[in-house]
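Participant: Pasting in a structure now, in structure tokens, and then I'll have a few things to ask.
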Amino acid sequence: MFRPGMRAYFIPLAAGVALAASAFLPWVVVGSVSLRGVPGIAGLWALGLGALSAVLATLSLITRRNSRHPLLVLGLAAFGIMYLSLQIMPRLAGESALTVAQAFAIVENRPVGSAPTALAGAGIYVGLVASAVLVAFGLTIVIKRASQPYVNLDPDDDV
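With my numbering, the residue at position 83 of the sequence shown is 461, and numbering never jumps.
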């Protein structure tokens, strides 16, 4: 498990655990209310992809088999989900808070105040960094293979 070639798999193991844990952290903070990722679909996907990447890294450590390609695919999927969540979720939460504020203003017959600001929480950022680490680790197989130059063994190969 601690052989020189396999010690690098502790990096995606830690990144997978961090990605899975980020689903339970606050993703959006609206005023003083924080919304976690787990009840939502994106949070469940982040949890599942993080757990799957941690399992793949653990299996690679145990069996001494390479699993960088699947980790690259899982990292890309998780990065896409986390990036879209960073772009979309705070705006949707802000619009929802504005709708609720307008509804309370109408019911209480008072002027509409400004909606509380919605900011991205720590969970989105932790998940984004963890998925970027998974992508970077998966890309090492591509970079490693591309660094082997092609050598022409036959000097008369001009066909």
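Ideal Cβ placement from N, Cα and C applies to all residues, glycine included.
Run through the DSSP bridge pairs and tell me what ARG414 is partnered with.
Facilitator: PRO404
Participant: Check the C-beta distance from LEU394 over to ALA435 and give it rounded, since I have them as a contact under 8 Å.
Facilitator: Sequence inspection shows Gly at residue 394; the Leu mentioned does not correspond to that position. Contact holds; Cβ gap of about 6 Å.
Participant: Is the number of C-beta pairs between the stretch 413-428 and the stretch 443-451 that are closer than 8 Å three or more?
Facilitator: no
Participant: Are the CB atoms of LEU427 and LEU454 nearer to each other than 7 Å?
Facilitator: no
Participant: So the beta strand (DSSP E) ALA496 belongs to, where does it begin and stop?
Facilitator: 496-498
Participant: At which residues does the alpha helix (DSSP H) containing ALA493 begin and terminate?
Facilitator: If you look at ALA493, you'll find it isn't in any alpha helix (DSSP H); DSSP assigns it neither H nor E.
Participant: Have a look at GLY415 and VAL520 and give me their C-alpha separation to the nearest angstrom.
Facilitator: 32 Å
Participant: Around the Cβ of PRO468, are there at least 16 other Cβ atoms within 10 angstroms (buried) or fewer (exposed)?
Facilitator: buried
Participant: Tell me whether ILE509 sits in a helix, a strand or coil according to DSSP, three-state version.
Facilitator: A small fix is needed here, since residue 509 is Ser in this sequence, not Ile. Here SER509 sits in helix by DSSP.
Participant: Closest to ALA396 by C-alpha separation, out of SER412, ALA456, GLY491, LEU437, would be which residue?
Facilitator: ALA456
Participant: Would LEU512 and PRO390 qualify as a contact pair, given that the criterion is a beta-carbon distance under 7 Å?
Facilitator: yes
Participant: What do you get for VAL411, buried or exposed, if any count of 16 or more other CB atoms within 10 angstroms of its CB means buried?
Facilitator: exposed
Participant: Since LEU464 contacts LEU506 with CB under 8 Å, what's their CB separation in whole angstroms?
Facilitator: 6 Å
Participant: So what does DSSP say about ARG385, is it helix, strand or coil?
Facilitator: helix
Participant: Are the beta-carbon atoms of ALA424 and ALA401 separated by less than 7 Å?
Facilitator: yes
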